[in-house]
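Participant: This is the structure I have questions about; it appears just below.
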Amino acid sequence: MQLLCFVWVFSIAGMAQAQSLSEGETVSAAFAQWDGVFSDVEQYLDTAAFSDDSSEALNDQLSAIRAQALEQRERVQHQIDLTQKLLDALGSRPEDGQAPESEAIAQRRAGYELRISQYREQLAQIELALVRVDELTGGLSELRTGTIVQELFSRYPLPLSGDTLLHALKEAVSHIHALLAAPVQWYSEMEPQRREQLRLWPTFVVGIFSIALGIFFRALILERYGRNPDTESPSPTLKVSAAIAEGVARGLVPLLAFVGLALWVAQHVLPLDGLFGDMLRSGFWAGVYFITFSTLAMAVLSPDKPVWRLTHISPVAARIIGYASMLLIAVIAIDDLIVESTRALAPTPSMQSVYLSIVVLIKASLIIVIALDRWWNPDEESP
């Protein structure tokens, strides 16, 4: 039995030795290739000249190195485990006073110990390569962030500057005046023959019919797929489908109103363009966005119907998060409405700087309120 054990050890050892030579050459070649990429990235970072294409290419190479290093680490660790098993199969070293082991066993033991030492050295180099990948990836990210911030401040003036605020205020008043005058200007610039085609009562009828159709389909969807107050313990699947149905159903009314009026305008070839056209289009889409996503958020949180709530939070937290989410969605919708409506007015950098600062501050404040741990962790919620 002992002879069979030694034969098995020697045969496996021969295969492991041949495999270790091949893998050792592979790891050495990989180290040389990785070092070349590391040098390229370090030289690129030293120049501090940011380029989207160069950064993306180097970042892709670092990602590939990370994947290769993780694979090599797993492979080398497997070889360490395999060699350790072979070493354990030889048994412990003879103690003092015991018969010495044979020369063949001693050579095998020394070879296994040397191989494990080499594998661990390779493993340390792989870990070092992973650390360098993380450092260089972080350097690329910092360079990109610094460049973006530098471009931001070089493109836009400081929003808290007195001259910037004064210029932005004057421009805002001018933009508001232009938006208020847009409908009258659109009608006055319309050709007489097309102005005759414009009748308020057909447009009013089309709008009313589209809204009524939307209300009908909304009631139909809510009745069939909405939240049934008689259901005591709805399943998670039913909760999700009901929340989606609520959001879709609530958004149908402005969506069908927009589609109906758009088809009416297209049929009568009315020129709905210019600043007034931008206002109508962005206004309708902002309305659809707000109604759909705010309803969906409230359906998911369900502050008034706890059994339909998709999150494990208290009613107070659900109500606060729900209202904060509605405000955030409203800010996003209004932001899109303003940006799309005033695109033709070509806002100056001063106006954009002040406006972006205000919008980002409001959005960030609402996101912070929504993300507070006290709402999501019942243990930390104050009584």
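My numbering numbers the first residue of the sequence shown as 215 and each following residue consecutively.
Quick reminder that beta carbons are idealized off the backbone N, C-alpha and C, glycines included.
Report the three-state DSSP secondary structure of residue 397 (helix, strand or coil).
Facilitator: In this structure, residue 397 counts as helix in the three-state DSSP scheme.
Participant: Out of curiosity, what's the CA-to-CA distance linking residue 460 and residue 510?
Facilitator: Rounded to the nearest angstrom, the two C-alpha atoms are 6 Å apart.
Participant: Within the same chain, show all residues whose beta-carbon is closer than 6 Å to that of residue 351, passing over the 5 residues directly before and after it, in chain order.
Facilitator: The residues are 276.
Participant: Between the stretch 287 to 307 and the stretch 332 to 350, do three or more beta carbon pairs fall short of 8 Å?
Facilitator: Because the criterion of three Cβ pairs below 8 Å is met, the stretch 287 to 307 and the stretch 332 to 350 touch.
Participant: What do you reckon, are the CB atoms on residue 503 and residue 457 nearer than 8 Å?
Facilitator: Their beta carbons are not under 8 Å apart, which means residue 503 does not touch residue 457 by this criterion.
Participant: Secondary structure at residue 506, three-state DSSP: helix, strand or coil?
Facilitator: Here residue 506 sits in helix by DSSP.
Participant: Work out the CA separation of residue 440 and residue 521 for me, nearest whole Å.
Facilitator: C-alpha separation (whole angstroms): 13 Å.
Participant: Could you please give the first and the last residue of the uninterrupted alpha helix (DSSP H) stretch that includes residue 590?
Facilitator: Per DSSP, residue 590 belongs to the alpha helix (DSSP H) from 587 to 590.
Participant: Take residue 221 and list the residues in its own chain whose beta-carbon comes closer than 7 Å to its own, dropping the five residues that flank it on each side.
Facilitator: Low local confidence applies: a pLDDT of 40 at residue 221 is under 50, so the model's placement there is unreliable, and no value is given.
Participant: Less than 8 Å between the C-beta atoms of residue 421 and residue 474, yes or no?
Facilitator: Yes, the pair counts as a contact, with Cβ atoms nearer than the cut-off.
Participant: Can we say the stretch 375 to 385 touches the stretch 300 to 310, given the rule of at least three CB pairs closer than 8 Å?
Facilitator: Touching, no, given that fewer than three Cβ pairs across the two stretches are closer than 8 Å.
Participant: Would DSSP call residue 261 helix, strand or coil?
Facilitator: If DSSP states are grouped into helix, strand and coil, residue 261 belongs with the helices.
Participant: Given a threshold of 16 other Cβ atoms within 10 Å of its Cβ, counted over all protein chains shown, does residue 388 qualify as buried or as exposed?
Facilitator: Exposed is the call here.
Participant: Would you mind working out which of 251, 519 and 469 sits nearest residue 501, comparing C-alpha positions?
Facilitator: Ranking 251, 519 and 469 by Cα distance to residue 501 puts 469 first.
Participant: Between the C-alpha atoms of residue 248 and residue 295, what's the straight-line distance to the nearest angstrom?
Facilitator: Looking at the two C-alpha atoms, the distance is approximately 26 Å.
Participant: In three-state DSSP terms, what is residue 460?
Facilitator: Helix, per DSSP.
Participant: Roughly how many angstroms separate the alpha carbons of residue 578 and residue 419, rounded to a whole number?
Facilitator: Looking at the two C-alpha atoms, the distance is approximately 42 Å.
Participant: Which term fits residue 401, buried or exposed, when burial requires 16 or more other beta carbons within 10 angstroms of its beta carbon?
Facilitator: Classification of residue 401: exposed, given that the 10 Å Cβ count is below 16.
Participant: Residues in its own chain within less than 7 Å of residue 533 by CB, not counting five upstream and five downstream?
Facilitator: Taken in chain order, the residues that qualify are 517.
Participant: Suppose you measure from the CA of residue 472 to the CA of residue 432; what does that come to, to the nearest Å?
Facilitator: Cα-Cα distance, rounded: 15 Å.
Participant: Please look up how many angstroms separate the CB atoms of residue 374 and residue 269, rounded, as I've assumed it's under 8 Å.
Facilitator: With 8 Å as the limit, residue 374 and residue 269 do not qualify as a contact, their Cβ atoms being about 31 Å apart.
Participant: For a test of the three-state rule: what should DSSP assign to residue 519, helix, strand or coil?
Facilitator: Coil.
Participant: Just how far apart, CA to CA, sit residue 235 and residue 349?
Facilitator: Low confidence applies to residue 235: its pLDDT is 41, below 50, so where it sits in the model is not reliable, and the reading given next is rough at best. If I take the Cα positions, the gap works out to 31 Å.
Participant: To the nearest angstrom, how far is the alpha carbon of residue 357 from that of residue 256?
Facilitator: Going from the Cα of residue 357 to the Cα of residue 256 covers about 12 Å.
Participant: Grouping DSSP H, G and I as helix and E and B as strand, with all else coil, what is residue 560?
Facilitator: Here residue 560 sits in coil by DSSP.
Participant: Answer with buried or exposed for residue 564, where buried requires no fewer than 16 other C-beta atoms within 10 angstroms of its C-beta.
Facilitator: When all chains shown are included, residue 564 counts as buried.
Participant: Can you list, in chain order, the residues of its chain with a C-beta nearer than 7 Å to that of residue 392? Leave out the 5 residues immediately preceding and following it.
Facilitator: Here the set comprises 489 and 559.
Participant: So, using beta-carbon positions, are residue 506 and residue 464 closer together than 8 Å?
Facilitator: Yes, Cβ-Cβ distance for residue 506 and residue 464 is below 8 Å.
Participant: Determine the direct distance from the alpha carbon of residue 404 to that of residue 396, and round the result to whole angstroms.
Facilitator: Cα to Cα, residue 396 sits roughly 12 Å from residue 404.
Participant: Compute the Euclidean distance between the alpha carbons of residue 261 and residue 254, then round it to the nearest angstrom.
Facilitator: So the two alpha carbons sit approximately 11 Å from each other.
Participant: Report the rounded CA-to-CA distance for residue 241 versus residue 329, giving the unit in angstroms.
Facilitator: Going by the C-alpha atoms only, they are around 14 Å apart.
Participant: Verify whether the separation of the beta carbon atoms of residue 347 and residue 279 is less than 8 Å.
Facilitator: Yes; because the gap between Cβ atoms is below 8 Å, this pair is in contact.
Participant: Tell me whether the beta-carbon of residue 333 lies closer than 8 Å to the beta-carbon of residue 297.
Facilitator: For residue 333 and residue 297, yes; Cβs fall inside 8 Å.
Participant: Mind checking residue 594: buried by the 16 CB within 10 Å criterion, or exposed?
Facilitator: A caution first: residue 594 carries a pLDDT of 46, below 50, which makes its placement in the model unreliable, though a value can still be read off. Counting Cβ neighbours within 10 Å, residue 594 comes out exposed, since fewer than 16 surround it.
Participant: How long is the line joining the alpha carbons of residue 430 and residue 523, rounded to whole angstroms?
Facilitator: Looking at the two C-alpha atoms, the distance is approximately 26 Å.
Participant: Have a look at 394, 568 and 467 and flag the residue whose alpha-carbon is nearest the alpha-carbon of residue 427.
Facilitator: Comparing Cα-Cα distances from residue 427 to each of 394, 568 and 467, the minimum goes to 467.
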